[in-house]
Amino acid sequence: MEQKRMLQCGRHLSNYATVRGDIMEHFITSVHINEVRHLKDIEIKLNPEKRQHLILTGKNGSGKTSVLQAMKDYLQAIDDGVYQKLCIRRSYKSNDKLSELEKIVAETFAKYNSGVEVDVSNVVGLDRLYSQGEFVTAYFPADRKTVIHRAKGVQDVKLENQYSLDDTPENILLKYMVHLKTQQAYAKNENDLSVEKKIAEWFSRFENALKVLLSDDSIRLIYDYKNYNFLIEQKGRNPYSLDELSDGYSAIIGIVADLILRMDRNWLLKGELSQYDVEGIVLIDELETHLHVELQRKILPFLTEFFPRIQFIITTHSAYILNSISNACIYDLEKQVRFTDFSSYSVDDIAEGYLDATAFSDELQKKAKRYQELYGRTDLSDDERAERADLRMELKDAEDVLSKIEGKKVL
C-alpha cells in the first residue's frame, strides 16, 4: 500500500520534473513558509523549468537565518532517506486524506517540520541518488570556521559515499591531498601514466581555483614532502600553508574544498576524474561572512560555475552579492517582496533603493567614517596605510561617498 502511494505521489510530482537530456534534474521549485517566527503563509516560487538559485535578504531580525535553518531541517529528510514519505504526507494533506497516512509518518514528519516545506522538481529516486553519492546536500552556518587538519604522515584516506548536511569533510583536505600525491608517486613508479596524469589534472584544477579566488595568477601549489604539507607560493610573499590563510580566504576555500570532497567519492579507485557536476542543494547562511568586497563580488559566480548542478540557497545583506549573478530569485523577508536579477543594478542603487537601512548602509557608513579619519593624514603607520588602501578599494563603488571625502570626482 505504501509503495503504491509513493508511486502515485511520484506521478503527481513528475509533472514538474525537468529533464536534462535523458537525466531527470532535481532542484527546489518553491519554498513554503508556513510559520517561522513572525513569518506566516509565504510562498517563494522559483523557476520550475531550470535550476534557479535563491537569495534571502532583509535587515537583521527579518528571519533569514531561521528560514534557512527550517529549510535545513526539512531537507534532512533527503539525508535520512524519507523525503518521499514527506511528499506523500503533503499530497494526502491536500486531499483531506491525512488521517490514514498520519498513523504511518506522523512521528517521522514532525522531526523535519520547523515551519517550512520545500517542493523539489522531481522527488522520484531522490533518496536513492543521495545514498549513492549522486546528490549532495550541505549546510554552512553563519558562524562557520574552517579547520583544516595537517597530515602527520601518509594515510590511506577514503572518502564517504555521501556526507550529511552537517558533516565537514574539508577538515581532511590536506590529508586527502597528501594521499593523492603519494598515489601519484606510486603510479609514476609503476609507469601507470593514466593515473599519474589524472592526479596531476586534479591538482592543476585546484591550483587554478586558488588563482581565481585569491586573484593572483602567480600562485603555485607546492608539495612539502618532508612535512606532508602543501604550500601556496605567491609572488611577493613567503610560502604559506592552506591552514594559514586569512579568515576570508579560509572561509571560501573551506566551502569549495567541502563540496569538492563531497563529490570526489574515491574517484581514484574508479579511474574517472570527478567533473564536480553532481546535483545538489547547498545552504549558506551569511555568505559574505569574513569576505572582503572583491570576494563578495566573485564568490557566487565562482561557485555556480565550478559546481554547475548545485542549487545555492543563501542569505545575505551584501549588495555586492545581490547583483553578482543573474540566475537568482531574491526574496526580501522584511518587506516580503520577490525580485529577479539585480545584476544590472549598481551597488549604490541596490543599497539605496532596496536595502534601505539594512546592515549594508550601516557598514558602509562605518567604513566611510574610518576612511575619512585616515584620508589626508601623513603620520600613518604601515598598518594604517594598508587599512586605508583596503578601505578605498571597498568603497570604490560608492563614488558619491569618496567624492565627498576626497573632494574630487572619482573616476
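Count along the sequence shown starting at 1, add 828, and that's the number in my numbering.
By construction, the Cβ of each residue, glycine as well, lies at the ideal position given by its N, Cα and C atoms.
Note that the coordinates shown come from a computational prediction; the quantities given were computed from them, not determined experimentally.
- Relative to the Cα of I872, the nearest Cα in the group D947, K939, Q897 and Q904 belongs to D947.
- In the three-state scheme derived from DSSP, where H, G and I count as helix and E and B as strand, V1023 is classed as helix.
- CA-to-CA, the gap between I976 and L1070 works out to about 8 Å.
- Under the three-state reduction of DSSP, N862 is assigned to strand.
- Restricted to the stretch 1065-1110, the alpha helix (DSSP H) segments that are unbroken, complete and at least 4 residues in length are 1075-1092 and 1095-1098, listed in chain order.
- By the criterion of a C-beta distance shorter than 7 Å, A905 is surrounded in its chain by Y911, L914 and Y940, once the five residues flanking it on both sides are discounted.
- Scanning Y1056, Q1062, V864 and F1134 for the CA closest to the CA of D1086 turns up F1134.
- Per DSSP, reduced to three states, the secondary structure at V1040 is helical.
- Pairwise C-beta distances place the stretch 1039-1057 out of contact with the stretch 1101-1121, as fewer than three of them are shorter than 8 Å.
- Taking all protein chains in view, the Cβ of D1092 is crowded by 16 or more other Cβ atoms within 10 Å, so the residue is classified as buried.
- Going by DSSP, Y967 is part of the beta strand (DSSP E) stretching over F963 to F968.
- Here I1142 is near I1112, since their CB atoms are less than 8 Å apart.
- The bridge partners DSSP lists for E945 are H860.
- Going by C-alpha positions, E1162 is about 58 Å away from D1020.
- In this structure, DSSP gives Q880 a state outside helix and strand, which the three-state scheme calls coil.
- Nearest in C-alpha terms to V1084, of all of R1033, H1007 and D1052, is R1033.
- Taking 8 Å as the cut-off, the beta carbon of A1079 is found closer than this to the beta carbon of R972.
- A distance below 6 Å between beta-carbons, with the five flanking residues on each side excluded, links L1119 to the following residues of its chain, in chain order: G1076.
- The beta-carbon separation of V864 and G943, rounded to 4 Å, stays under the 8 Å limit for a contact.
- In the three-state reduction of the DSSP assignment, V1165 falls in the strand class, which pools E and B.
- Inclusion of R1205 and L1219 in the CB contact set at 8 Å is not warranted, their separation being larger than that value.
- At a Cβ-Cβ threshold of 8 Å, Q1164 and I870 count as neighbours.
- Counting the other CB atoms within 10 Å of its CB gives Q1139 a total of 16 or more, which places it among the buried residues.
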